[in-house]
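A short worksheet on the structure shown next.
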Amino acid sequence: MDIFFFVLQIIGVIGFSVSGAMVAIRRETDIVGVVILAMTTTFGGGIMRDLCISSEPPRFFTMYTEIAVSLVTALVVFFVARHFKEKYLAKEGALLAVDNVFDAIGIGVFSVIGTEIALDAGYTAPILAILMGTVSGVGGGVVRDVLVRDIPFLLKKRIYLLAVAAGSTVYYLLWHFGAPGMLSLSLGAATVFTLRMLATVFKWNMPKAIDFSSLREEETENTGTDGKNKKVS
């Protein structure tokens, strides 16, 4: 179980580090910015969780292997983008999809790991354990988005927060009913990843009071159509 937990954590670190580094590159930060945003995305949620459950010091400060993996991953993404900059720019749409996949891997892994850590610390109340898993999954991404002056992704599209909460809930329920740890972690993370991918493919979003972007697109299309009709007449 310990080896499986470690491997799962490394997968999450790589996923979040790639995603954070790609966001930093799109925002045109330098190499330091790429590393900082990659690590913020990866470890920010866990630090928030540890502060909430009074884990002192936060686990981040003793995660030497994970920090090294995150650093190396961020640098690899940076130098690949720098070396293949023309291809990187030409494939921007495809790279956004890649970013989305790695982000889904990261939030899936860290949401269930966060729930597991909260439970191991004795916080077995369902709402608290699930909330700590959710914070672990989305906290780093929120801090990253704030640093680059974006609206946090979880507040605007693709049922982001709901997917993370669902995965944490699945893990908690399996743990509560005595399922094996490896199975619980795997199914919880898979739930998050599957929901995020389905939301991306089918464009599932939480309802908005007013979807201004869609209205603007409709106005643009109508204006274009009216303009063509006037030219024809």
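Once you know that position 210 of the sequence shown is 1583 in the numbering used here, the rest is easy, because the numbers rise by one and skip nothing. For every residue, glycine included, the Cβ atom is placed at its ideal position computed from N, Cα and C.
Closest residue to residue i among the options (Cα-Cα distance)
| i | options | result |
| --- | --- | --- |
| S1614 | E1591, L1560, V1450 and A1491 | What the structure shows of the chain is the stretch from 1374 to 1606, and residue 1614 is not part of that stretch, so it cannot be assessed. |
| L1571 | I1409, Y1437, R1531 and V1508 | R1531 |
| G1513 | F1550, T1415, K1458 and F1457 | T1415 |
| S1443 | G1551, M1412 and A1397 | M1412 |
| R1399 | T1438, F1377, Y1461 and D1423 | Y1461 |
| L1520 | G1510, V1396 and A1441 | V1396 |
| Q1382 | I1440, W1577 and P1431 | I1440 |
| V1405 | F1433, L1560, L1448 and F1434 | L1448 |
| S1509 | G1417, V1516, I1409 and D1472 | G1417 |
| A1536 | W1577, K1464 and G1551 | W1577 |
| N1473 | E1459, L1527 and T1438 | L1527 |
| L1410 | V1565, G1554, S1390 and C1425 | S1390 |
DSSP three-state assignment for residue i, whether helix, strand or coil
| i | result |
| --- | --- |
| T1564 | helix |
| V1391 | helix |
| Y1496 | coil |
| M1316 | The question about residue 1316 has no answer, for the chain in this structure spans 1374 to 1606. |
| R1589 | helix |
| R1432 | helix |
| D1584 | coil |
| D1403 | coil |
| I1376 | helix |
| V1521 | coil |
| F1483 | helix |
C-alpha distance - residue i paired with residue j, whole-angstrom precision
| i | j | result |
| --- | --- | --- |
| I1583 | S1392 | 29 Å |
| A1467 | D1375 | 35 Å |
| L1588 | D1523 | 21 Å |
| A1498 | A1538 | 15 Å |
| K1581 | L1504 | 23 Å |
| G1540 | V1485 | 7 Å |
| A1454 | A1470 | 16 Å |
| L1534 | T1596 | 36 Å |
Nearest-angstrom beta carbon gap, residue j and residue i [assumed within contact, 8 Å]
| i | j | result |
| --- | --- | --- |
| D1518 | G1388 | So it is not a contact: roughly 17 Å between Cβ atoms. |
| E1489 | L1556 | Not a contact, Cβ separation roughly 13 Å. |
| V1445 | A1562 | So it is not a contact: roughly 23 Å between Cβ atoms. |
| A1502 | Y1545 | 5 Å |
| V1511 | I1480 | 6 Å |
| F1451 | A1394 | 6 Å |
is_contact[residue i, chain C] using C-beta, thresh 8 Å
| i | result |
| --- | --- |
| T1507 | The chain labelled as chain C is not found in the depicted structure, where only one protein chain is given. |
Report the residue ranges of all alpha helix (DSSP H) runs contained in full by the region 1454 to 1480; include only those spanning at least 4 residues, in chain order. Within the region 1454 to 1480, the complete alpha helix (DSSP H) runs of at least 4 residues are 1458 to 1463.
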